[in-house]
Amino acid sequence: MRLTDYKKYYIAGNEIGGDYTVPTLIISSIFYSGHNIVSDPDKGIFNKEKARKLIGKQLECQETFNIPTCLDIIAETPEAMEKYVKFIKKEFFGPIIIDGFVDARVEGLKVAKDLGLMNRVIYNSIWKNQKKELDTMKEVGLKTAILFAYDVSNTSASRRFEVLSEGTKKYDSLFSIAKDVGVSQLLIDNVLTTDFQSLSDAIEANIMFKSMYGFPVGCGPANINYMLSKSYSSILDKKSTKMVREASINTIAQLFSDFILIGPIERIEKAVISANIVNRIKEKLNFDPFDILKR
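If you're matching positions, the sequence shown starts at -6 in the numbering used here and goes up one per residue.
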C-alpha cells in the first residue's frame, strides 16, 4: 500500500512523477558511443545538420502526441561535452541529462552552470561516484539526479532497496549521498540488464519504491531490446519483429514507470507512439498501478 505522497517535479516546463495520470517522460540518447552523426567523439565533432534533424523530429513527436521528452547527452571527453551542451542549448529547450564518462560529466555540470542551464539539468547518475563528481555537484548547486538502483551481482528488488537506503560495504546509501551533495529531486532508475528477469525485478522495485518514497521511478528497456534482437529466428521479418519487440518491451516498462530511457534518439517515433497509447489507457484506469500491492 502507498506509504507517502507522490513527488512531482517541474523541469523545463515538464512534469515528472506524480500520479499515474501524468504522462511518462521519454528520454532519448544523443551523441552516444558509435552514433553515426559523430565523426570524432574525442573532439566532439559531429554533423550539426543531422543532429538538428533528429532533435526536430523529437520535438515534432512531443508536440503531436503531447508526450514530455528529454535529451540524454552522452560524451566521452570534457571537450566533446562542452560542444554538445552548447549546441543543445540552442536546439532543445526541455530537460537535459548530463551523461557519459566521468570527466565529461564533471565538465558538463560546469558548462551547464556557466550557461545558466542548471534548472534544466538531470545528472546521470549517483552511483559509485568519484570525489571530484560529488564536489562538483555541490559547487554547481545540482538539484536533480538519477539514482542508479543497481547491483551487478543481484538485480532483485530487495537488493536494489539496500543499495538505495542502506548502502553497501564500500559505498554509503544513494539517499545519503544525494542528501550530502544537496540533490533534492531524485529520480530512481531501476537498471535493466539484458534478460527478462531484470525487467521483472525493476517493475517490482518501481512499485515498491514509488509506494514507499514517492520519488519518480523508471528504467531503460533498451538493453532487453538489444538482447532480443539476437534471439529471434532468422525466418522472421527483422523489421516487423524489431518494431513489435521494442513496442512490447517499452509498453510493459512504461506501465510502471514515470520515465523510460529508450536509447538512441532514432527510436523516438516508435517510442512516443507507444507511449501515447499507454498514457491514454492509464489515465482511464480506476486504480493506481503503482499502488497495487494492497490488492
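Think of the CB as a built atom: it goes at the ideal place given N, C-alpha and C, for glycine as much as any other residue.
These numbers were taken from a predicted model, which means no experiment stands behind them.
Integer Cβ distance of residue i from residue j, believed to fall under 8 Å
{"i": "Phe208", "j": "Lys0", "result": "6 Å"}
{"i": "Val176", "j": "Leu135", "result": "6 Å"}
{"i": "Phe283", "j": "Ile200", "result": "6 Å"}
{"i": "Ile4", "j": "Pro88", "result": "5 Å"}
{"i": "Asp194", "j": "Ala150", "result": "6 Å"}
{"i": "Ile90", "j": "Leu64", "result": "7 Å"}
{"i": "Phe58", "j": "Val265", "result": "5 Å"}
{"i": "Lys263", "j": "Ala246", "result": "With a Cβ gap of about 14 Å, Lys263 and Ala246 do not count as contacting."}
{"i": "Ile242", "j": "Ile217", "result": "5 Å"}
{"i": "Ala215", "j": "Leu254", "result": "7 Å"}
{"i": "Ile48", "j": "Asn40", "result": "Ile48 to Asn40, Cβ: 12 Å. No contact."}
{"i": "Ile170", "j": "Phe249", "result": "Actually they do not touch by this definition, with Cβ atoms about 25 Å apart."}
Contact set for residue i: own chain, Cβ-Cβ below 8 Å, skip 5 residues either direction
{"i": "Asn45", "result": "The sequence given here places Arg at residue 45; Asn does not occur at that position. Taken in chain order, the residues that qualify are Glu84."}
{"i": "Val133", "result": "Leu102, Lys103, Ala105, Lys106, Met111"}
{"i": "Phe94", "result": "Ala68, Glu69, Thr70"}
{"i": "Ile115", "result": "Ile4, Cys63, Pro88, Ile89, Ile90, Ile91, Thr137, Ala138, Ile139, Leu180"}
{"i": "Gly(-2)", "result": "As written in the sequence, residue -2 is Asp, which differs from the Gly given in the question. Closer than 8 Å at Cβ, skipping near neighbours: Gly207."}
{"i": "Met74", "result": "Gly37, Ile66, Ala68, Ile91, Gly93, Ala97, Arg98, Glu100, Gly101, Val104"}
{"i": "Thr161", "result": "Asp144, Glu155"}
{"i": "Ile60", "result": "Pro16, Thr17, Ile19, Cys54, Val265, Ala268, Asn269, Asn272"}
{"i": "Gln123", "result": "Val95"}
In DSSP terms, what residue i is bridged to
{"i": "Tyr116", "result": "Ile91, Ala138"}
{"i": "Tyr3", "result": "Glu8"}
{"i": "Cys54", "result": "Note: Cys54 sits in no beta bridge, so no partner."}
{"i": "Pro214", "result": "DSSP, once it has assigned bridges, lists no residue as partnering Pro214."}
{"i": "Gln178", "result": "Thr137"}
{"i": "Thr161", "result": "DSSP lists no partner for Thr161."}
{"i": "Phe39", "result": "Val31"}
{"i": "Ile23", "result": "Ile66"}
{"i": "Gly256", "result": "Ser21"}
Cβ neighbour criterion (16 or more within 10 Å) applied to residue i
{"i": "Ile66", "result": "buried"}
{"i": "Gly27", "result": "exposed"}
{"i": "Tyr77", "result": "buried"}
{"i": "Gly6", "result": "exposed"}
{"i": "Gln190", "result": "exposed"}
{"i": "Phe86", "result": "exposed"}
{"i": "Ile274", "result": "exposed"}
{"i": "Leu185", "result": "buried"}
{"i": "Glu276", "result": "exposed"}
{"i": "Val15", "result": "buried"}
{"i": "Ser146", "result": "exposed"}
{"i": "Lys203", "result": "buried"}
{"i": "Glu56", "result": "exposed"}
{"i": "Gln178", "result": "buried"}
{"i": "Glu53", "result": "exposed"}
{"i": "Leu278", "result": "exposed"}
Contact set for residue i: own chain, Cβ-Cβ below 7 Å, skip 5 residues either direction
{"i": "Phe252", "result": "Ile9, Thr17, Leu18, Ile20, Leu180, Pro209, Gly211"}
{"i": "Tyr25", "result": "Ile67, Pro257"}
{"i": "Ser158", "result": "Ser166, Phe168"}
{"i": "Ser22", "result": "Asp65, Ile67, Gly256, Pro257, Ile258"}
{"i": "Lys131", "result": "Val174, Gly175"}
{"i": "Lys121", "result": "Tyr164"}
{"i": "Arg297", "result": "Given that the chain is displayed from residue -6 to residue 288, the structure contains no residue 297 and the question cannot be resolved."}
{"i": "Glu126", "result": "Val95, Arg98, Val99"}
{"i": "Asn183", "result": "Ala142, Arg153, Ala195, Ala198, Asn199, Val210, Cys212"}
Spatial neighbours of residue i in its chain, beta-carbon cut-off 6 Å, leaving aside the 5 residues before and after
{"i": "Ser118", "result": "Ile139, Phe141"}
{"i": "Thr129", "result": "Val99, Leu102"}
{"i": "Gly11", "result": "Tyr(-1), Lys1"}
{"i": "Arg113", "result": "Ala5, Pro88, Ile89"}
{"i": "Lys43", "result": "Ile30"}
{"i": "Thr148", "result": "Ser191, Asp194"}
Residue i CB to nearest heavy atom of the ligand ADP below 7 Å
{"i": "Val174", "result": "Looking for the ligand ADP in the displayed structure turns up nothing, as the structure carries no ligands at all."}
- Below 8 Å, can you find three or more Cβ-Cβ pairs linking the region 28 to 43 to the region 262 to 270? no
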